[in-house]
Amino acid sequence: GEVNREHPDRMESPVEQQEDTAKPDEDLPNEQVTQFLRQLVSQLWPELGANPELRLERASAKGDNYLGVVWRLQAASDSKCSLVVKLPPQNRVRRKQFFARPCFLRETAAYEVFLPLTALIQDKWKIIEDDRFRQHALCFGTRQDEPNECIVLEDLSCAGFSLHNRFLDLSVEHVRRVMLTYAKLHAISLAGKRQLPEKMQQLQQLVDIFEQRRDDHALGVYFENLKESALSALLAPADDAY
Numbered sequence: 001g002e003v004n005r006e007h008p009d010r011m012e013s014p015v016e017q018q019e020d021t022a023k024p025d026e027d028l029p030n031e032q033v034t035q036f037l038r039q040l041v042s043q044l045w046p047e048l049g050a051n052p053e054l055r056l057e058r059a060s061a062k063g064d065n066y067l068g069v070v071w072r073l074q075a076a077s078d079s080k081c082s083l084v085v086k087l088p089p090q091n092r093v094r095r096k097q098f099f100a101r102p103c104f105l106r107e108t109a110a111y112e113v114f115l116p117l118t119a120l121i122q123d124k125w126k127i128i129e130d131d132r133f134r135q136h137a138l139c140f141g142t143r144q145d146e147p148n149e150c151i152v153l154e155d156l157s158c159a160g161f162s163l164h165n166r167f168l169d170l171s172v173e174h175v176r177r178v179m180l181t182y183a184k185l186h187a188i189s190l191a192g193k194r195q196l197p198e199k200m201q202q203l204q205q206l207v208d209i210f211e212q213r214r215d216d217h218a219l220g221v222y223f224e225n226l227k228e229s230a231l232s233a234l235l236a237p238a239d240d241a242y
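Just so you know, we're using the UniProt record's numbering here: the sequence shown kicks off at 1 and counts up by one.
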């Protein structure tokens, strides 16, 4: 990757990947996160050596991720040595606006606490592979210290998956699979509450993000607008026949 002249310890997004103007420096991993990523790459792929070339590119289109930035990190120009890195905004105003830290801590708890519990329960009851709740990326590492929060995930594009265009309809089969996956998620959650209550307690003590922001006027207005939009779609005269 190219060297950031002002911050040599930061990784730089390749010039050819930049869409319009130069990316704001705050969107890139900071020095602490960059060091963490290099250590993680060395652990995952020791055959690449002590200081492999690391390249970053955007892993989602603008608007697809609301709470931060999602990067694809590739080592030594090898598409098989690829990770997805989720970062909160570094800018203090944006961090506060998007409630970034509480949201990232919740997502970290999902990967570090909840998903290992789901695997434990399903292993205990010998749930066969096709019936397991396993529709999620593997997590290879996280940081929770402020402002260096990050979540490093398996790059599912290596397994043939791609992001669906959110402006296009989903097929009926796609929706059916999503609902089946949600059913598995809720089932394993209920099983966890009953079978491992002491381990689930940490998660049950988390306060809902929107409850934490109950007094946030701007967020309230935003959700009122969403509600009105949904109601207008449901109450459209053209749909009366249905």
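We put the CB at the ideal spot given by N, CA and C, even for glycine.
Quick one: what's E198 bridged to in DSSP? None, per the DSSP bridge assignment.
As a quick exercise: from S60, M200, L185, R92, pick the residue whose alpha carbon is nearest that of K86. S60
So the alpha helix (DSSP H) A76 belongs to, where does it begin and stop? No alpha helix (DSSP H) contains A76, which DSSP labels as neither H nor E.
Exposed or buried, which one is P24 when buried takes at least 16 other CB atoms within 10 Å? For P24, the predicted model reports a pLDDT of 49, less than 50, meaning its position is unreliable; a value from the coordinates is still stated below. Exposed is the call here.
Is it buried or exposed for V69, if we count other Cβ within 10 angstroms and need 16 for buried? buried
Look at the alpha carbon of Q97 and the alpha carbon of V221, and state the distance between them as a whole number of angstroms. 14 Å
Per DSSP, T142 forms a beta bridge with which residues? I151
Could you tell me if I209 is buried or exposed, where buried requires 16 or more neighbouring beta carbons within 10 angstroms of its beta carbon? exposed
Enumerate in chain order the residues of its own chain whose CB-to-CB distance from Q195 is below 7 Å, with the five nearest sequence positions on each side excluded. I121
Range of the contiguous beta strand (DSSP E) that encloses R55: 54-58
Leaving out the 5 sequence neighbours to the left and right, which residues in its chain are closer than 7 Å to R132 when beta-carbon positions are compared? Q122
In angstroms with no decimal places, state the Cα-to-Cα distance between C53 and G141. According to the sequence displayed, residue 53 carries Glu and not Cys. Approximately 20 Å, taken between the alpha carbons.
Between the C-alpha atoms of L206 and R143, what's the straight-line distance to the nearest angstrom? 18 Å
Please state whether DSSP places K86 in a helix, a strand or coil. strand
Enumerate in chain order the residues of its own chain whose CB-to-CB distance from E112 is below 8 Å, with the five nearest sequence positions on each side excluded. C139, T142
Using the beta-carbon count (16 or more within 10 Å), is I151 buried or exposed? buried
One question on the structure: do F99 and Q212 come within less than 9 Å of each other, judged by their Cβ atoms? yes
Considering only the alpha carbon of each residue, which of S162, E228, H186, L226 lies closest to D64? S162
Buried or exposed for R55, going by 16 or more other Cβ atoms inside 10 Å? buried
Between the CA atoms of S171 and P29 - distance to the nearest angstrom: 36 Å
What distance in whole Å lies between the Cβ atoms of L190 and F114, which are believed to be in contact at a cut-off of 8 Å? With a Cβ gap of about 13 Å, F114 and L190 do not count as contacting.
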